[in-house]
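Here the first sequence is numbered in full-length UniProt numbering, starting from 1 and rising by one per residue. Remarks on the structure that follows.
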Amino acid sequence: MRADPSILHVDLDAFFAAVEQRDKPSLRGKPVVVGGIGLRGVVSTASYEARKYGVRSAMSTAEARSRCPHAAYLWPRFEVYRATSQAVMAQMRALSPLVEPLSLDEAFVDLSAAGLHDLTVDDVQAIADDLKDAIKEASGGLTASVGAGTSKLIAKIASDLDKPDGVVVVPPGTEAEFLAPMQVTVIPGVGPATAQRLSMAGVRTVADLQLLDEDELIRQVGSAHGTSLHRLAVAADDRPVVSDRETKSVSIEDTFETDIIDRSLLTAISERMAHRVAERLRKAQLSGRTVTVKTRMHDFTTHTRSSTLAGPTDDPRVVARVARRLLDDSDISGGIRLLGVGVSSLADWIQDDLFTESEADEAAEAAVDLPEVPVRPRERDTGYHPGQDVTHPTYGAGWVWGAGRGRVTVRFETPETRGPIRTFALEDPELTKLKHPSADDSEEPAD
DNA sequence: TCTGGGGTCCTAGGACCC
DNA sequence: TCTGGGGTCCTAGGACCC
1 MRADPSILHV
11 DLDAFFAAVE
21 QRDKPSLRGK
31 PVVVGGIGLR
41 GVVSTASYEA
51 RKYGVRSAMS
61 TAEARSRCPH
71 AAYLWPRFEV
81 YRATSQAVMA
91 QMRALSPLVE
101 PLSLDEAFVD
111 LSAAGLHDLT
121 VDDVQAIADD
131 LKDAIKEASG
141 GLTASVGAGT
151 SKLIAKIASD
161 LDKPDGVVVV
171 PPGTEAEFLA
181 PMQVTVIPGV
191 GPATAQRLSM
201 AGVRTVADLQ
211 LLDEDELIRQ
221 VGSAHGTSLH
231 RLAVAADDRP
241 VVSDRETKSV
251 SIEDTFETDI
261 IDRSLLTAIS
271 ERMAHRVAER
281 LRKAQLSGRT
291 VTVKTRMHDF
301 TTHTRSSTLA
311 GPTDDPRVVA
321 RVARRLLDDS
331 DISGGIRLLG
341 VGVSSLADWI
351 QDDLFTESEA
361 DEAAEAAVDL
371 PEVPVRPRER
381 DTGYHPGQDV
391 THPTYGAGWV
401 WGAGRGRVTV
411 RFETPETRGP
421 IRTFALEDPE
431 LTKLKHPSAD
441 DSEEPAD
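What follows is the structure, given as C-alpha cells:
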C-alpha cells in the first residue's frame, strides 16, 4: 500500500463495440454485439445500448439474440482493435514509463515512476481527466473509465464504479472501509467457485472476509489464494506495476459448429493449428518444449494431453507430429466440440551456441520417440482428403474440410482470419488442388 | 439455440534424485 | 529390512481474467 494514489487503472468502455460504432456511424446509438456470431458463439462485448436488454459479455450469442434480436451482430476485427489499443496505450506511456497492459482495453499506470507528478487526490483526479481527454482524441472518440488509488486492487475496483466515462480516486487511508461493504466477488480472483466456498463459511462481503481467520481462509480456498485474499481484504497490496511481462504459452483453439468424430479430419485440423502456433512462436522469436493438445467433449468435459521435448522448438513439423501423437492418444469417441494446440515452457528463440537450429530440432524430436506415422489415407474415390490445400479464383486459398457423396467442402482461411466454408462438386473445374506439405513425404525429416 | 479464445496461476500426484 | 524427507520436473485438471 503506497502513500499516494499513484496507481491508475484505465478501462476502455465497451471497447470492441465502441470501435465498431466509431467506424460505422449507422451503428451509433444502437445496440451492437461483438463476438462469435455462429451457432456456438459467445458475446465478447455488448454496447451500452445492448446492455439495456440484458446482453452481457460471455453470454451465448443465441441468448443475446433472443434478448435483443434487433442488435447488430458483428465478428470482432482484432487488427483494428489492436491498432486503436496501441494508440491508447501510447497516451498512457506519455504519462509514465511504467504501463502494464492487461488486455487490449485495460492497463495499469504507475504515476510515481514518472517522478514528475504531484500526487494529491486532486492532482490525480486532474491527471485522470486529462488522460481521458487524450485517449478520446487519440482513439477517434472512445471513452475510458479510470480508477486511482494506492494499489492495483483499489485502482481496479475504483475504475468500475463510475462507468462509462468516469474517474474515481480513492483517498489514501480509506481503502479498507472503501472495500468493506462490497461483495467478495469484487476482488479480482474471487470467481463463482471461491465465492461459493466463502459463502459456506458465512463470508459474503469484504467486511466478513476481514474478520475471517487466515488459517480458516486457507482451509477454505487453499494456501496461495487464502494468503493473498487475507491481505487483499484489508487492502494490503504492494504488487508492482510491471511493464513487460514474459509470454508463458502460445495456443490456438477452435470450437466447431458441430461436433467432429472423424479422426482424419481432426488430424488435419491439428496440423493446421500446429503450423499456426509455430508461426506465432517464430514471429515472437520464441520456442517451446511442451506441446499440449486440448479436447472438449460433447458434454463440455475438457481434457489435455501434453508432452515435453528435450529442447525447445519452433518447427511446425515437430509441433504437428507431437500434437498428432497426443491426439492419437486422446479419446474422441462421441465426437469433440473443441480442439486446441498449444506450446509452453517457452524459451527465447535465440538458441545457445551449443546447437545449430537443425541440431536442436533433431535433439528435440529424438526425445519424442515418435511412432511410425502412416501417410493419411485418402478418401477412396473423391480425390480429396481432409487438410488438403486447394485454391479457388473467387475465394482464394483454402483447405479441404471433408469430401464425399460427390461434394467437397472447403474452408477458406488464412492464419489471421477465418473465412467462409463452401461446398463444391467434386469435379468443379474452378477448384484446384495444391500439393499439401504433410501429405508429401519429401518435406518430412527422416524418422 | 447453453457455454469463445487467448491467456495466467495454482494444486496434486508420481517419478526420480539426494 | 524398514522407514524418511526435501527438491525438482512432469502431467492433468481447475479457477479465473478479459
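For glycine and all other residues, C-beta sits at the position ideal for the given N, C-alpha and C. This structure is a prediction, so every number in the text was calculated from the model and none was measured.
Nearest candidate by alpha-carbon position, reference residue i, set the options
| i | options | result |
| --- | --- | --- |
| residue 334 | 311, 306, 408 and 259 | 259 |
| residue 273 | 286, 262 and 294 | 294 |
| residue 399 | 92, 226, 309 and 271 | 271 |
| residue 234 | 311, 185, 153 and 266 | 153 |
| residue 181 | 265, 220, 157 and 21 | 157 |
| residue 125 | 69, 9 and 25 | 9 |
| residue 239 | 155, 256 and 318 | 155 |
| residue 246 | 151, 286, 63 and 261 | 286 |
| residue 289 | 319, 408 and 296 | 319 |
| residue 161 | 173, 434, 178 and 315 | 178 |
| residue 266 | 183, 142 and 329 | 329 |
| residue 104 | 151, 59, 1 and 14 | 14 |
| residue 448 | 165, 159 and 173 | No statement about residue 448 is possible, as the shown extent of the chain runs from 1 to 447 and does not include it. |
| residue 346 | 248, 394, 300 and 423 | 248 |
| residue 474 | 165, 394, 1 and 301 | Given a span of 1 to 447 for the chain in the structure shown, any question on residue 474 remains unanswerable. |
Buried or exposed by the 16-neighbour rule on C-beta atoms within 10 Å, applied to residue i
| i | result |
| --- | --- |
| residue 86 | exposed |
| residue 304 | exposed |
| residue 242 | exposed |
| residue 111 | buried |
| residue 70 | exposed |
| residue 175 | buried |
| residue 20 | buried |
| residue 199 | exposed |
| residue 261 | exposed |
| residue 145 | buried |
| residue 300 | exposed |
| residue 3 | exposed |
| residue 244 | exposed |
Straight-line gap, residue i to residue j (C-alpha atoms, nearest Å)
| i | j | result |
| --- | --- | --- |
| residue 27 | residue 61 | 19 Å |
| residue 114 | residue 98 | 8 Å |
| residue 291 | residue 331 | 18 Å |
| residue 306 | residue 189 | 26 Å |
| residue 432 | residue 268 | 19 Å |
| residue 6 | residue 148 | 7 Å |
| residue 214 | residue 171 | 27 Å |
| residue 224 | residue 230 | 10 Å |
| residue 403 | residue 326 | 25 Å |
| residue 222 | residue 383 | 57 Å |
| residue 387 | residue 412 | 11 Å |
| residue 47 | residue 163 | 12 Å |
| residue 348 | residue 53 | 47 Å |
| residue 92 | residue 12 | 12 Å |
| residue 204 | residue 195 | 8 Å |
| residue 169 | residue 309 | 49 Å |
| residue 167 | residue 131 | 10 Å |
| residue 312 | residue 109 | 34 Å |
| residue 59 | residue 25 | 26 Å |
| residue 428 | residue 393 | 12 Å |
| residue 57 | residue 68 | 14 Å |
| residue 51 | residue 422 | 34 Å |
Cutoff 6 Å; reference residue i; Cβ partners in own chain excluding five residues on either side
| i | result |
| --- | --- |
| residue 280 | 250 |
| residue 227 | none |
| residue 220 | 197 and 201 |
| residue 314 | 278, 281, 282 and 287 |
| residue 302 | 296 |
| residue 74 | 20 and 34 |
| residue 141 | 22 |
Cβ shell of residue i (< 7 Å), same chain only, five flanking positions each side left out
| i | result |
| --- | --- |
| residue 89 | 99, 101 and 107 |
| residue 16 | 34, 44, 45, 76 and 81 |
| residue 30 | 49 and 72 |
| residue 139 | 84, 87 and 88 |
| residue 39 | 257 |
| residue 298 | 259, 334, 335 and 337 |
| residue 390 | 398, 399, 400, 410, 431, 432, 433 and 434 |
| residue 185 | 195 |
Own chain, CB closer than 8 Å to residue i, minus 5 neighbours either side, in chain order
| i | result |
| --- | --- |
| residue 426 | 382, 383, 384, 403, 406, 407 and 408 |
| residue 323 | 270, 271, 273, 274, 291, 293 and 341 |
| residue 216 | 201 |
| residue 128 | 8, 146, 148, 167 and 169 |
Cβ contact check for the segment 266 to 280 and the segment 338 to 348: 3 or more pairs under 8 Å: yes
Segment contact, 8 Å Cβ cut-off, at least three pairs: the segment 129 to 148 with the segment 34 to 52: no
Validate contact between the segment 249 to 259 and the segment 116 to 131 using beta carbons, cut 8 Å, 3 pairs: no
The segment 38 to 54 in contact with the segment 202 to 217 per 3-pair CB rule at 8 Å: Taking a contact to require three or more Cβ pairs closer than 8 Å, the segment 38 to 54 and the segment 202 to 217 do not qualify as touching.
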